[in-house]
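Heads up, the sequence shown is in the numbering used here, so the first residue is 1 and it goes up one at a time. Using N, Cα and C, we set each Cβ at its ideal position, and we do this for glycine too.
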Amino acid sequence: MKPLCQIPSPYGLLIDVFHDPERSTDPDLCYFHNLEDCMTLAGVHGDINRKRCAEEFRRQSAAGSITFELFLKHGGRKASYADLTKPATSIYKTMPRTAGMEVPIENWVTLVMDAPDWYHRSAALLGPVSSCIEEAKTWDTPEPLQGPVVVIGVMHLLTAALEHLHEKEIDCLEAAAFYSLSLHDEWSSAGLNWLEPIRSTWLADWLTARPQFVEFARLCRIVNPDLPAWIAGDRT
């Protein structure tokens, strides 16, 4: 059976949605995920955990009883949320509009708001983040200053754009990762708190696949030494 569509999971991966009208008389129960994606939704990470979970799932299915406790038993976790409080001051309102700065500011705002979800928003953000960092390497500026100088600007653009989302909470890895690098301390703390329990599992996988974010986070740590090393992929 081919999936009807894909939706984002909390952990940086898309999962398939299937539809079978013969599955149930309840229309809502005709939509379902395969076992692999159920484990992803439930936060079961790692080949060993997932293999054991799948084996026990099949045994329990034969007995006719499945509860979420099965996934928790094999390293899964309940959905996690971190509140986002409204900052006292707005980066967007205080950014200068001289020398054509209004163009990149509004471009970043549009990019963030046009994305349908954080899976696609994070992918869209990595492009300009990486481009800005690479462009700085061509500047006639002492090399040790290139990264920190450009990343301050990128952090301002990112934070100004995020302010337009008016989000009340963090509920996925990608949002947590980018909010953790914002200039609002309360947002940064919320993002880091959301990520900390999965920093050596789902986050580590996500960072490995996204070296552009790792470089961005590494430069952000120069500007903000309070950021933990693990947000830039350091597993020590």
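Helix, strand or coil at residue i [DSSP, three-state]
| i | result |
| --- | --- |
| TYR31 | strand |
| CYS132 | helix |
| ASP117 | coil |
| VAL17 | strand |
| GLU143 | helix |
| ALA229 | helix |
| ILE198 | helix |
| ASP171 | coil |
| ASP83 | strand |
| THR234 | With the sequence shown as reference, residue 234 is identified as Asp, and Thr is not the correct amino acid for it. Coil. |
| GLY237 | The question about residue 237 has no answer here: the residues shown for the chain are numbered 1 through 236. |
| THR25 | coil |
| ILE152 | helix |
Residue range of the alpha helix (DSSP H) that includes residue i
| i | result |
| --- | --- |
| ASP114 | 102-114 |
| LEU219 | 211-223 |
| PHE71 | 69-73 |
| ILE91 | 91-94 |
| THR208 | 202-208 |
| ALA79 | First-last for ALA79: undefined, no H or E at that position. |
| ASP47 | 47-63 |
Separation of residue j from residue i, as counted between CA atoms
| i | j | result |
| --- | --- | --- |
| CYS38 | GLY64 | 17 Å |
| LYS255 | ARG52 | With the chain covering only 1 through 236, there is no way to say anything about residue 255. |
| GLY76 | GLU69 | 9 Å |
| PHE213 | ALA124 | 12 Å |
| LEU320 | GLU163 | Nothing can be reported for residue 320, as the shown portion of the chain is limited to 1 through 236. |
| ILE66 | LYS137 | 55 Å |
| TRP108 | MET95 | 13 Å |
| LEU4 | GLN146 | 46 Å |
| PRO211 | SER24 | 44 Å |
| VAL207 | GLU22 | According to the sequence as given, residue 207 is Leu; it is not Val. Cα-Cα distance, rounded: 40 Å. |
| GLY127 | GLN60 | 45 Å |
| MET1 | HIS166 | 38 Å |
| ILE7 | HIS45 | 19 Å |
| ALA229 | ARG235 | 8 Å |
| ILE15 | GLU186 | 31 Å |
| GLU102 | TYR11 | 34 Å |
| THR110 | ARG50 | 39 Å |
| GLU106 | LEU13 | 29 Å |
| LYS78 | ALA204 | 19 Å |
| PHE71 | ALA209 | 25 Å |
| PRO87 | ALA176 | 16 Å |
| ILE133 | THR98 | 22 Å |
| ILE231 | ASP26 | 43 Å |
| LYS93 | PRO197 | 34 Å |
Expected contact under 8 Å - CB spacing of residue i and residue j to nearest Å
| i | j | result |
| --- | --- | --- |
| HIS184 | THR159 | 6 Å |
| SER90 | LEU41 | With 8 Å as the limit, SER90 and LEU41 do not qualify as a contact, their Cβ atoms being about 35 Å apart. |
| LEU35 | ALA54 | 6 Å |
| SER122 | PHE178 | 6 Å |
| ALA161 | VAL112 | 4 Å |
| MET155 | LEU195 | The pair is not a contact, with the Cβ atoms about 17 Å apart (cut-off 8 Å). |
| PHE18 | HIS33 | 7 Å |
Unbroken beta strand (DSSP E) run spanning residue i, endpoints
| i | result |
| --- | --- |
| LEU183 | Premise fails: LEU183 is in no beta strand (DSSP E) and is neither H nor E. |
| ILE7 | 5-8 |
Distance cut-off 7 Å: residue i Cβ against heavy atoms of the ligand SAM
| i | result |
| --- | --- |
| GLU215 | Absence of the ligand SAM from the depicted structure is noted, as is the absence of any ligand whatsoever, leaving it without description. |
Cβ contact (3+ pairs, closer than 8 Å) linking the stretch 214-221 and the stretch 150-163: yes
Specify whether the stretch 184-194 and the stretch 78-86 touch according to this definition: at least 3 beta carbon pairs, one from each stretch, less than 8 Å apart. yes
Using a Cβ distance threshold of 8 Å, determine whether the stretch 163-174 contacts the stretch 111-119, with at least three qualifying pairs required. yes
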